[in-house]
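J.: Numbered per the UniProt record's numbering, the sequence shown finishes at 578, counting up by one with no gaps.
Note that the Cβ used here is the ideal one computed from N, Cα and C, for glycine as well.
Quantities reported herein were computed from a predicted structural model and do not represent experimental measurements.
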Amino acid sequence: MIDTGIDYTHPDLQPNFKGGFDLVDFDEDPMETKPDQGIPTLHGSHVAGVIAANGKMKGIAPDAELYAYRALGPGGTGTSVQVMAAIEKAVKDGMDIINLSLGNSINGPDWPTSVAVNRAADEGVAVVIANGNTGPDLWTVGSPATADHVISVGASTPAMESAYLYERFHDKKINMLPMQGSQPWDFARDMKVTNNPDKIAHDTILIIERGEIPFTQLAYEAQEKGAAALLIANNEDGMFQGGIDPNITIPVAAITKEDGEWLKHNPGYLNLEYQHVQDTVTDFSSRGPVTVNWAIKPEVVAPGAAILSTVPGGYQKLSGTSMAAPHVAGVIALLKEAHPDWTPKQLKAALLTTADPFQAFEPTAQGAGKVNAQEAINTDTLIYQSLLRFGKIGDNSEQKQDTLIIENISDQTKEYAFQLPDQQKAIHFQLPRSFTLQPHEKKEIVVKATIRPSLLEETIKQGYLYLNETPIPYMFLSDDHEIPTAMGLELSVTPLEDGYHYQLYLVEEAEKLTIDLYNPQTFAYETTIVEREDLQPGVIEGDIERNSDIKGQYIANITIETKEKKTFQYQTIWYGSG
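1. List, from N- to C-terminal side, the alpha helix (DSSP H) runs of 4 residues or more that fit wholly inside the UniProt domain "PA" (201-263).
2. Could you check how far apart the C-beta atoms of Pro473 and His10 are, in whole angstroms? I think they sit under 8 Å.
3. May I ask you to report which of helix, strand or coil DSSP gives Gly154?
4. In its own chain, which residues sit with a C-beta less than 6 Å from the C-beta of Thr379, not counting the 5 before and 5 after it?
5. Would you identify the three-state DSSP class for Leu23, choosing helix, strand or coil?
6. Would you kindly work out how many angstroms separate the C-alpha atoms of Lys448 and Phe390, rounded to a whole number?
7. In this structure, how does DSSP classify Arg452 when only helix, strand and coil are distinguished?
8. When burial is assigned at 16 or more other CB atoms within 10 Å of the CB, is His276 buried or exposed?
9. CA-CA distance, Asp479 and Lys392?
10. Below 8 Å, how does it come out for the stretch 77-93 and the stretch 325-345: are there three or more Cβ pairs, yes or no?
11. What does a CB cutoff of less than 8 Å around Ile250 pick up in its chain, not counting 5 residues either side in sequence?
12. Which same chain residues, not among the five before or five after Pro495, have their C-beta less than 6 Å away from its C-beta?
13. Apart from the five residues just before and just after Asn408, which ones in its own chain have a Cβ nearer than 8 Å to its Cβ?
14. Contact defined as beta carbons within less than 8 Å: I believe Gly369 pairs with Val300. What is the distance between those atoms, to the nearest angstrom?
15. Where Ser101 and Asn16 are concerned, what is the direct C-alpha to C-alpha distance, given to the nearest angstrom?
16. What does the Cβ neighbour count give for Gln374, buried or exposed, with the cut at 16 atoms within 10 Å?
17. Helix, strand or coil for Ile550 per DSSP?
18. Between the Cα of Phe435 and the Cα atoms of Ile427, Ile405 and Asp422, which residue gives the shortest distance?
19. If you drop the 5 nearest sequence neighbours on each side, which residues of the same chain put their C-beta closer than 7 Å to that of Gln412?
20. Just list the residues that DSSP pairs Arg168 with in beta bridges.
21. Could you check if Leu455 is buried or exposed, using at least 16 other CB atoms within 10 Å of its CB as the buried criterion?
22. Rounded to the nearest angstrom, what separates Gln569 and Phe21 at their Cα positions?
23. For Gly38, I'd like the list of residues in its chain whose CB is within less than 6 Å of its CB, leaving aside the five on either flank, ordered along the chain.
24. Hey, could you find the ends of the alpha helix (DSSP H) Ile51 is sitting in?
25. My parser needs the beta strand (DSSP E) runs of 3 or more residues fully inside the stretch 270-351; what are they?
26. If you follow the alpha helix (DSSP H) that Lys89 is in, where does it begin and where does it stop?
27. Along the chain, where does the alpha helix (DSSP H) that runs through Val539 open and close?
28. Using C-beta distances below 6 Å, list every residue in its chain close to Gln82, excluding the 5 sequence neighbours before and after it, in chain order.
29. Starting from the Cα of Ile97, find the closest Cα among Asp198, Glu337, Thr567 and Pro30 and give me that residue.
30. Relative to the C-alpha of Gln14, which candidate in Tyr502, Thr41 and Lys58 has its C-alpha closest?
31. Under a Cβ-count criterion, where at least 16 other Cβ atoms within 10 Å of its own Cβ denotes burial, should Phe169 be classed as buried or exposed?
32. Could you give the first and the last residue of the continuous beta strand (DSSP E) run that contains Ile483?
33. Suppose contacts are defined by Cβ-Cβ distances below 9 Å. Is Ala53 in contact with Tyr69 by that definition?
34. Return helix, strand or coil for Glu511, following the three-state DSSP convention.
35. Can you give me the C-alpha to C-alpha distance between Leu66 and Ile332, rounded to a whole angstrom?
36. Could you say which of Pro178, Ala188, Arg189 and Asp279 lies nearest to Ala233 if we only look at CA atoms?
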C-alpha cells in the first residue's frame, strides 16, 4: 500500500502488518500521521482494512501480508516524487501487488507517475490504482490511473441507503460526498442554509467554496462560528473528495460547484433524505477515456461507497475510488494465492474476462464492469487486451482494427464465437468466425470495424461486443469531439535561485503556448510568464525568471493555439512569491 501509512497497532491490522517504509520522514516507521505531527490521517489504515483486515473485521484477503509505504504526510499531502520513490522502494522490496489509492488530475498516459507504475508492472508487480473522484464527466481520470499496464478501478455502490439534501420549494436534490473523518450526517429537522459565515443562526448549514485553505481549517472555523454542518462547494466542475481531522464535531461534505452556486442564490431550508441504491456506478467515480492514446478507463469497478473499514482507534465508513481499488487489490491477492505463477497480465486478464457490466453504464464509466472474485479465480479462459480502442476518426470513413488474445487455460477443448452485434449505420464490425481452442492453446484475434463518422449521432461512440458471454468494451471518437487540450499546470513547485520550474501536460501538437497572469479580483491582465512555439504532446517543462513584482494570488490563463489555428484556453490559480 502506497498511501498515508498504517496504524499497525490496530488489532485488525496488526496480525498481517509486516513492515514497509516512510518516504515522508525517511525511516522504517510508516505509521499514520498523529495529531501531534500535524493534521492526522486515517486513509491508509482504511485501505489496509479493505484489503486484509484480519480480526473483528475481515478484509477481502485476510491472509495477505501488508507492507505500508507512507508517501503522503500530514493531511494526506505529498508529492509525485514521494509517490514515485515509494513505488521504486516497493518493487525493490519484492512486493507482489501495489495498491495506490491516490492520483492527480493529469489525464495523460505518460505523466511521470504513470510511467513509474507501468515500469513496476513490467517488473512483474500487479499494480491497482484508484480511478479518481471527479466524475461523472468524461476525461476526468487522472494519473497514475491513466497508465496502460495497470488495473484502474472505478467505484460502484453496494446495497446502501445514500444520504442527500433536498430543498422542497424548488424540488431540488443536492448530492453530497461526506469528507473522510466526518461525523455522520444525521438531522431530524430542516436546516437553514447560508454562505455568510458571519450570519450563522441555530441549525444552520454553512456553504464555503473550495480554495487553498485546508478542509480541516475550514471545518474548524465553521464549527467555532456555530455552524451545525459544513458544505464545501467545488471550485471546478465535478465532485471531489477530501478528508478532515476526525476530532471535528460537525458533519462536513463536498458538493459540486453547480450545486454550490444554486444554493447561494436559493438560500432556503434543506432536509436530509435517503435513497436506496445498489449496483450502480457512483457519480463521483472518474470517467475515461485517456487522452493521446484514447484508452478506455477504468478497467473495472468495485464497491466504493460507504465502505466500513479500519481507522486509527476503531472503524469508519468512507467513500471514494480509494475504497474501490483495495477491493480489487484484495481480489488480486486471492487470485495470486490460487494461481501463484500468474503474471500481472494474466491476473488482469482474469479480472476483465469475468467482470459483469452494469446495463445502464458505458465502458468509460465501468470498463469491463464489476469484478467477480470467484469467477476470476475459476475462469477457464483469459482474454488479453480486451478493451478495444479504435482511436480518433477523421472526416472520412475508415477501417480500424484492434487485436485480442484468447487463451484456453482449461484441460478441455473450448468453442468460441462472437455474438452478432446490432446493426448500426455509423459502425460495421467484421468479426472472426467461431473458432476452437485446444487445452492451453492461445490465439490472436483481429477485430475490424468500418466507421463512417458522417453517420454518427454523437462524437464519441462506445459499447460492448460479446465473445461467448464475455463483454468486450470498444470505443472511438471523432475529430469533432471536444477533448482537453492542456492540463495540470504546476508553477512554483520547485523554487530555483533565480526563478521557478513549471510543467503542464499537452494533449496534442501546439503551434503556440502562452501563460498569462490576471488579477483575481479585477481580472485585469498583469503579465505574460510563458510564451513558447512548436510544441509536441506530453509533459511540457521550463523555467520562469523570478519577478519581484509578481506576489500573491493570480489567475493563470493558459492559451493553446493548435496547428489548425484553433484556440483553447483554461485557467488555474497560481501563487507568486516575488
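T.: Reading from the atomic positions:
1. If we require 4 residues or more, the alpha helix (DSSP H) runs fully inside the UniProt domain "PA" (201-263) come out as 215-224.
2. Here residue 473 is taken as the residue at index 473 of the sequence shown, counted from 1. Here residue 10 is taken as the residue at index 10 of the sequence shown, counted from 1. So it is not a contact: roughly 38 Å between Cβ atoms.
3. Counting from 1 along the sequence shown, the entry for residue 154 is found at position 154. Correct three-state label for Gly154: strand.
4. In the sequence shown, the residue the question calls residue 379 occupies position 379. Excluding sequence neighbours, Thr379 sits near Ala350, Thr353 and Thr354.
5. Residue numbering aside, residue 23 sits at position 23 when the sequence shown is read from its first letter. DSSP places Leu23 in coil when its eight states are reduced to three.
6. If you number the sequence shown from 1, residue 448 lands on position 448. If you number the sequence shown from 1, residue 390 lands on position 390. So the two alpha carbons sit approximately 9 Å from each other.
7. Taking the sequence shown and counting its residues from 1, one reaches residue 452 at position 452. Coil.
8. Here residue 276 refers to the residue found at position 276 when the sequence shown is read from its first residue. Per the 10 Å Cβ criterion, exposed.
9. By 1-based counting over the sequence shown, the position of residue 479 is 479. By 1-based counting over the sequence shown, the position of residue 392 is 392. The alpha-carbon atoms of Asp479 and Lys392 are separated by roughly 6 Å.
10. no
11. Residue numbering aside, residue 250 sits at position 250 when the sequence shown is read from its first letter. Taking C-beta separations shorter than 8 Å and ignoring five residues to either side along the sequence, the partners of Ile250 in its chain run Gln183, Ala219, Ala222, Gln223, Ala227, Ala228, Ala229 and Leu230, following chain order.
12. Position 495 of the sequence shown holds residue 495. The predicted model places Pro495 with a pLDDT of 48, which falls under 50 and marks its position as unreliable; any figure quoted below should be read in that light. Residues of the same chain with a CB within less than 6 Å of the CB of Pro495, apart from the 5 flanking positions on each side, do not exist.
13. If you number the sequence shown from 1, residue 408 lands on position 408. Correct list, in chain order: Asp380, Thr381, Lys414, Leu437, Gln438, Pro439, His440, Glu441 and Lys442.
14. Residue mapping note: residue 369 aligns to position 369 of the sequence shown, counting from 1. Residue mapping note: residue 300 aligns to position 300 of the sequence shown, counting from 1. The Cβ separation is near 7 Å, so the contact holds.
15. For this step, residue 101 is matched to residue 101 along the sequence shown. For this step, residue 16 is matched to residue 16 along the sequence shown. Taking the straight line joining both Cα atoms gives about 19 Å.
16. Against the sequence shown, residue 374 aligns to sequence position 374. That one is exposed.
17. Here residue 550 refers to the residue found at position 550 when the sequence shown is read from its first residue. DSSP places Ile550 in coil when its eight states are reduced to three.
18. Within the sequence shown, residue 435 is the residue found at index 435, counting from 1. When only C-alpha atoms are compared, the closest one is Ile405.
19. Residue 412 sits at position 412 when you count from the first residue of the sequence shown. Same-chain partners within the cutoff: Pro439.
20. For the purposes of this step, residue 168 is taken as residue 168 along the sequence shown, with counting starting at 1. The partner list for Arg168 (beta bridge, DSSP) is empty, contrary to what the question assumes.
21. The residue labelled residue 455 in the question sits at position 455 within the sequence shown. Exposed, by the Cβ-count rule.
22. The residue labelled residue 569 in the question sits at position 569 within the sequence shown. The residue labelled residue 21 in the question sits at position 21 within the sequence shown. Approximately 42 Å between the Cα atoms of the pair.
23. The sequence position of residue 38 within the sequence shown is 38, counting from 1. The residues are Pro74.
24. In the sequence shown, counting from the first residue as 1, residue 51 sits at position 51. For Ile51, the enclosing alpha helix (DSSP H) stretches over residues His43 to Ala52.
25. 300-303, 307-311 and 314-318
26. Here residue 89 corresponds to residue number 89 of the sequence shown, with the count starting at 1. Judged by DSSP secondary structure, Lys89 falls within the alpha helix (DSSP H) whose first and last residues are Ser80 to Lys92.
27. Position 539 of the sequence shown, counted from the start, is the residue given in the question as residue 539. Note, Val539: premise wrong, no alpha helix (DSSP H); beta strand (DSSP E) at Gly538 to Glu545.
28. Along the sequence shown, read from residue 1 onward, the residue named residue 82 stands at position 82. For Gln82, where only same-chain residues beyond five positions count, the Cβ hits under 6 Å are Leu23 and Ala71.
29. Taking the first residue of the sequence shown as position 1, residue 97 is located at position 97. When only C-alpha atoms are compared, the closest one is Glu337.
30. Numbered from its first residue, the sequence shown carries residue 14 at position 14. Of the listed residues, the one whose Cα sits closest to Gln14 is Lys58.
31. The residue given as residue 169 occupies position 169 in the sequence shown. Phe169 is exposed by the Cβ-count criterion.
32. As a first step, residue 483 is located in the sequence shown; it is residue number 483 there, counting from the start. Careful: Ile483 lies outside any beta strand (DSSP E) and carries neither H nor E.
33. Numbered from 1 along the sequence shown, position 53 holds the residue referred to as residue 53. Numbered from 1 along the sequence shown, position 69 holds the residue referred to as residue 69. No, these two residues do not count as a Cβ contact at 9 Å.
34. In the sequence shown, residue 511 corresponds to position 511, counting from 1. Strand.
35. In the sequence shown, residue 66 corresponds to position 66, counting from 1. In the sequence shown, residue 332 corresponds to position 332, counting from 1. Near 14 Å, if we compare the C-alpha coordinates of Ile332 and Leu66.
36. If you number the sequence shown from 1, residue 233 lands on position 233. Ala233 has its Cα closest to that of Pro178, out of Pro178, Ala188, Arg189 and Asp279.
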